[in-house]
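**Q** Encoded as structure tokens, here's the structure I'll be asking about.
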Amino acid sequence: MHNVQMTGLIQVLGAVFGVLLISVGIVETLFLRDQRLQRLSVADPDNTETVRLGTLNQGFYNVIWGVGAIVGALMLGGANASAGEAVLLFVCIGHMVLGLAMFLTERRLWGLAIAEAVLPLIITILLLV
Numbered sequence: 002m003h004n005v006q007m008t009g010l011i012q013v014l015g016a017v018f019g020v021l022l023i024s025v026g027i028v029e030t031l032f033l034r035d036q037r038l039q040r041l042s043v044a045d046p047d048n049t050e051t052v053r054l055g056t057l058n059q060g061f062y063n064v065i066w067g068v069g070a071i072v073g074a075l076m077l078g079g080a081n082a083s084a085g086e087a088v089l090l091f092v093c094i095g096h097m098v099l100g101l102a103m104f105l106t107e108r109r110l111w112g113l114a115i116a117e118a119v120l121p122l123i124i125t126i127l128l129l130v
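Using the working numbering, the first residue of the sequence shown is number 2, and each one after it goes up by one.
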């Protein structure tokens with residue numbers, strides 16, 4: 002088990018990651034048609050309605066993943082810290098895999114793929130040392 006300072010750092014990073022995921026999910030769900038956000042997508046702006054359903058679902062997935070990260074981070078400081086570690090580790094490994102999948106399927110999104118995977122990688126390393 003980690004010392005108090007390390008656990009606190011992991012909790013903060015996990016909560017930040019969760020808030021980021023929830024924020025991205027909200028943007029994907031509510032603001033897909035905003036022209037300022039088109040650069041985050043490879044979809045043709047004229048086909049926004051075509052990709053709306055997939056993006057809407059993806060937004061909800063990110064919100065759920067974010068809630069999982071926050072719950073796992075909070076549980077780290079409680080009586081069942083190992084369960085919190087497992088939940089947070091699952092979310093982080095999942096997003097590292099998703100970042101890799103994003104890069105492998107659409108190289109133009111390499112920046113988003115890195116953004117998707119770096120913080121979870123840091124949290125995973127901290128959880129496993």
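Beta carbons: idealized from backbone N, C-alpha and C, even for Gly.
1. Can the beta-carbon of residue 115 be found closer than 7 Å to that of residue 15?
2. I'd like to know if residue 130 contacts chain D, where contact means its C-beta is closer than 7 Å to some C-beta of that chain.
3. Is residue 55 helix, strand or coil when you go by DSSP?
4. Where do the ends of the alpha helix (DSSP H) carrying residue 87 lie?
5. Return helix, strand or coil for residue 17, following the three-state DSSP convention.
6. For the alpha helix (DSSP H) that residue 110 lies in, which residues bound it at each end?
7. From residue 61 to residue 52, what distance separates their C-alpha atoms?
8. Taking C-alpha atoms, which residue in 9, 12 and 67 lies nearest to residue 117?
9. Grab me the residues of residue 127's own chain with a C-beta within less than 6 Å of its C-beta, minus the 5 sequence neighbours each way, in chain order.
10. Quick check: the Cα distance between residue 21 and residue 69, rounded to an integer number of angstroms?
**A** From the atom records:
1. Residue 115 sits at position 114 when you count from the first residue of the sequence shown. Residue 15 sits at position 14 when you count from the first residue of the sequence shown. No. Outside cutoff.
2. Of the protein chains in this structure there is only one, and it is not chain D.
3. Taking the sequence shown and counting its residues from 1, one reaches residue 55 at position 54. Three-state DSSP puts residue 55 in a helix.
4. Within the sequence shown, residue 87 is the residue found at index 86, counting from 1. Segment 82-106, the alpha helix (DSSP H) holding residue 87.
5. As a working mapping, residue 17 is identified with position 16 in the sequence shown. Helix at residue 17.
6. Your numbering for residue 110 matches position 109 in the sequence shown. It is not in any alpha helix (DSSP H) - residue 110 carries neither H nor E in the DSSP assignment.
7. Here residue 61 is taken as the residue at index 60 of the sequence shown, counted from 1. Here residue 52 is taken as the residue at index 51 of the sequence shown, counted from 1. Taking the straight line from one Cα to the other gives about 14 Å.
8. Position 116 of the sequence shown, counting from 1, holds the residue named residue 117. Closest by alpha carbon: 67.
9. Here residue 127 is taken as the residue at index 126 of the sequence shown, counted from 1. The answer, listed in chain order, is 11.
10. Translated into positions along the sequence shown, residue 21 becomes position 20. Translated into positions along the sequence shown, residue 69 becomes position 68. Roughly 12 Å separates the two Cα atoms.
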